[in-house]
Amino acid sequence: MSKYNSIFFFTLMISVFFFFLFSYLFDGGDHIETAVYTFGTIIVILLSFLVSLMYYLIDLLKKQRYIKHTK
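Here the working numbering is used: position 43 in the sequence shown is 247, and no number is missing along the way.
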């Protein structure tokens, strides 16, 4: 399970890095812009979770397929 936790945090760090890197292209001080950044960060976190979950499911399917072929 630690493998998937590291995948989650690695994906999260890369996504947040890209999020802040690209956010400097739109420099402004609106309240709406702050709300967009907040929702963007939330989306980045949720997508990072989904990526790590997909890796988990792929490995789970591989293990089940291996178990079926060995019987």
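Note that beta-carbon positions come from the ideal geometry of N, C-alpha and C, so glycine has one too.
Keep in mind the model is a prediction, meaning the values are calculated, not measured.
Check, Outcome
"Beta-carbon proximity of Phe223 to Val248, cut-off 7 Å", "yes"
"Buried/exposed call for Phe212, threshold 16 Cβ in 10 Å", "buried"
"Cβ distance (whole Å) where Ser210 is taken to contact Ser252 below 8 Å", "Not really, about 12 Å apart at Cβ, beyond 8 Å."
"Inter-residue Cα distance where the pair is Leu250 and Tyr270", "30 Å"
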